[in-house]
DNA sequence: AGGTCAAGACGGGCCGTCTCGTCTCGCCTA
DNA sequence: TAGGCGAGACGAGACGGCCCGTCTTGACCT
């Protein structure tokens, strides 16, 4: 009847071996041909140990992805004060993650899986997207306070305008995310978000006015 | 050694039955649980007839999607001359397709599959994305000719800025594509597009900022 | 003693291929 | 013009194989 296992007795060695094996295998054969059985064998682990702690193959890969990118860095948003410079750095850093040889496949796998797996959606929302997006929104709000971004625009919408084009091109595979593109994109997006001409309204004047379209809550 | 079947002898009735069955089943059980066998049974068709004409489950769904949306409409881009009105209509029509009960699942399935299936990428590029994007680029060029969109920006980049935020929100499931959002997005994006309105003090401070083309502003 | 562990057996579902007999064509000959 | 012939697509479904997710066993570790 004990439906949920006891986390305090969990073998950390097995957990790490599973994540490592998953990361290796997805790089070797891709997500489609990745199997739980292969992960278990590679990790020297019983299948049950995987099924005990993860609800799906996608969840394993998601944890493997988190471990990988946590090794790499930890989400820092540049803030020099020069919006053009900061924006270019932000987009470049984001794009770098999307095309990183170790990260690209897991990223695609996770974004693929959330299209059909509501549980994973919530996982992604809380542990990856949430922190990232709320940090980005804070960054945007500070730029709005400096009157560098139109204060009348909902930060959540600005986020979409910033990241959207990048992910669109990457997911639909309509073109490369090279330096030229990032340059052109920065130049195109900058005026969109830049505070429009004339005096900018103080943030106080719009505080709480734009009903934020329900999204990820921070 | 005859590797490829003869298209002239293909049964159109079977083809249509397969596409219909695929469309029905994906709506009933989703793409993950959709099987070739089930499609064959529902369509009253031998499995071999499916494998003979389609290379993968994703390809079947892609054709079913094309049939569905061809029934619905045929990509018309509004062009009243008023950029704000046209833009809002374009975004609204695009969003309508993404949330249409009959189309959403197939759309997600196809965009999911292209992450792992190079053959389907090419198929999508040629038969869905290609026509759509080239039509959009033409629309953008005409607006640039009317000095309504900054002529210095690559139309392909403008496409990304227009469609990107929409797809980003839809694929990452960070919020609904409701009327409020489309309104806010249009308001945020329009300024780019519009070749710069009056003087913007910030723009001078940004190195490499886009050359401003004097435009017609409302 | 109770719970996790590695190892692997187990039934089941779907894969992609194949085999079978039928049906529809286009072609050849009388 | 009629009739026979071969090629190939067709419906149906058998087949081996892979992987699924569960279950069993005995060792190990608190």
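Protein chains in written order, with our numbering: chain G, 6 to 223; chain P, 6 to 223.
Even glycine gets a Cβ: it sits at the ideal position worked out from N, Cα and C.
When you compare the CB of residue i with every CB in chain G, is at least one pair closer than 8 angstroms?
i: residue 132/P; result: no
i: residue 196/P; result: yes
i: residue 146/P; result: no
So with CB distances below 9 angstroms, who are the chain G contacts of residue i?
i: residue 168/P; result: 169, 170, 173, 177
i: residue 136/P; result: Under the 9 angstroms cutoff, chain G gives no residues; its nearest Cβ is about 13 angstroms from residue 136/P.
Could one say the Cβ of residue i lies closer than 8 angstroms to chain P's Cβ atoms, at least one of them?
i: residue 193/G; result: yes
i: residue 158/G; result: yes
i: residue 208/G; result: A caution first: residue 208/G carries a pLDDT of 33, below 50, which makes its placement in the model unreliable, though a value can still be read off. Residue 208/G does not count as touching chain P.
Could you work out which residues of chain P lie near residue i, taking near to mean beta carbons separated by less than 9 angstroms?
i: residue 165/G; result: 169, 170, 171, 173, 174, 179, 180, 186, 190, 193
Could you check how far apart the C-beta atoms of residue i and residue j are, in whole angstroms? I think they sit under 8 angstroms.
i: residue 54/P; j: residue 9/P; result: So it is not a contact: roughly 15 angstroms between Cβ atoms.
i: residue 117/P; j: residue 117/G; result: 5 angstroms
i: residue 191/G; j: residue 93/G; result: 5 angstroms
i: residue 166/G; j: residue 197/G; result: 6 angstroms
i: residue 82/G; j: residue 141/G; result: 7 angstroms
i: residue 109/P; j: residue 103/P; result: 6 angstroms
i: residue 52/P; j: residue 43/P; result: The Cβ separation is near 10 angstroms, so there is no contact.
i: residue 69/G; j: residue 27/G; result: 4 angstroms
i: residue 121/P; j: residue 36/G; result: 6 angstroms
i: residue 187/G; j: residue 97/G; result: 6 angstroms
* To do: Write down every uninterrupted run of the alpha helix (DSSP H) in the segment 73 to 107 of chain G whose length is 4 residues or greater and which is fully enclosed by it, in chain order.
  => 88 to 104
* **Interface positions of the segment 106 to 134 of chain G facing chain P (Cβ-Cβ less than 7 angstroms), listed along the chain** => Going along the segment 106 to 134 of chain G in chain order, one finds 113, 116, 117, 119, 120, 121, 126, 134 with a Cβ nearer than 7 angstroms to chain P.
* Jot down the residue ranges of each uninterrupted alpha helix (DSSP H) in the segment 128 to 190 of chain P, minimum 4 residues, whole runs only, in chain order. => 135 to 150, 160 to 177
* Residues of the segment 23 to 39 of chain G whose Cβ lies closer than 8 angstroms to any Cβ of chain P, in chain order -> Listed by position along the chain: 35, 36, 37.
* To do: May I have a chain-ordered list of the alpha helix (DSSP H) segments no shorter than 4 residues that lie completely inside the segment 28 to 59 of chain P?
  => 41 to 48, 52 to 58
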